[in-house]
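Structure, as structure tokens:
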Amino acid sequence: MIDIALEKFPISLKLRDGTAVVVRPLAKRDEAKLHNFFLAVPEEERLFIKQPIFERKMFRDWCRHIDFESNLPLLMLHGNKIIGEATLHQRSGGWKRHIGLLGVLTHPGYRGRDVAKILVEEQVQIARTLGLRKLEAELNGERKVAIHALEQLGFTRLMCLEDYVLDMKAVPHDLIVMGMNLKVDEEYAGVGG
Ligand SMILES: CC(C)(COP(=O)(O)OP(=O)(O)OC[C@H]1O[C@@H](n2cnc3c(N)ncnc32)[C@H](O)[C@@H]1OP(=O)(O)O)[C@@H](O)C(=O)NCCC(=O)NCCS
Numbered sequence: 031m032i033d034i035a036l037e038k039f040p041i042s043l044k045l046r047d048g049t050a051v052v053v054r055p056l057a058k059r060d061e062a063k064l065h066n067f068f069l070a071v072p073e074e075e076r077l078f079i080k081q082p083i084f085e086r087k088m089f090r091d092w093c094r095h096i097d098f099e100s101n102l103p104l105l106m107l108h109g110n111k112i113i114g115e116a117t118l119h120q121r122s123g124g125w126k127r128h129i130g131l132l133g134v135l136t137h138p139g140y141r142g143r144d145v146a147k148i149l150v151e152e153q154v155q156i157a158r159t160l161g162l163r164k165l166e167a168e169l170n171g172e173r174k175v176a177i178h179a180l181e182q183l184g185f186t187r188l189m190c191l192e193d194y195v196l197d198m199k200a201v202p203h204d205l206i207v208m209g210m211n212l213k214v215d216e217e218y219a220g221v222g223g
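Be aware that the sequence shown starts at 31, since it is given in the numbering used here, and climbs by one per residue.
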């Protein structure tokens, strides 16, 4: 199924300001590019990163042990530079097997130009092709821009857990869980109705 979902990539398109970009899944050759992309993340956002992303070794592991069934990072590139990333995480089995977890990050120099919008739309299509029924995203309650952006992209707030997560300075923050229902292909085809 994953091969079918990914066969359209790479795709070339233009952002709303005319910037020519390419969207494609992560590849083995992306280690250095990915590292540079994450190093551009502003300090306040780094406080909330779930993994120790500033170790080069981690990027090597990501690129060398690619497993799209579990983690599917979709990249947007401007020339040789990664300007956005959206990762679809799938749980294999268990009661959340129908729910994909989506994370999205846009390079600070390319925000407000539809990067996240395009990447999320592509991941929604992929998630539908894979048969997922829902998407989830987890955010720090203070990231109002990100919450608003995800609302614009079709997510709604599912719950808020107060003082639930710790940033890298051990300060607690609210955890917001957002979600989106996906229409599966059968529904589009009118099967059963
Ligand atoms: C959230 C984030 C991914 C948005 O990326 P982006 O590429 O700038 O977003 P887009 O240009 O595609 O805009 C998508 C929508 O968000 C809204 N939006 C984007 N930036 C905004 C801002 N600064 N203020 C208010 N709304 C904003 C827009 O309304 C837009 O919808 P519209 O075009 O229908 O009006 C980006 O700010 C980011 O990387 N934040 C840090 C990481 C993060 O918190 N990720 C979310 C957790 S999964």
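Glycine included, C-beta positions come from ideal geometry on N, C-alpha and C. This one's a predicted model, so the numbers in the text were calculated from it and none came from an experiment.
Out of 44, 38, 85, the CA that lies nearest to the CA of residue 62 is found in 85. Here residue 187 is not near residue 210, since their CB atoms are 8 Å or more apart. 160 is the residue among 183, 106, 123, 160 whose C-alpha sits nearest the C-alpha of residue 33. Beta bridge pairing from DSSP links residue 42 with 52. In this model, residue 190 and residue 176 are separated by some 15 Å (Cα to Cα). Note on residue 120: 16 or more other CB atoms within 10 angstroms of its CB, so buried under the neighbour-count rule. By the criterion of a C-beta distance shorter than 7 Å, residue 179 is surrounded in its chain by 146, once the five residues flanking it on both sides are discounted.
Relative to ligand 1, residue 178 has its C-beta within less than 7 Å of a heavy atom. Beta bridge pairing from DSSP links residue 164 with 129, 211. Annotated three-state conformation of residue 101 is strand, per DSSP.
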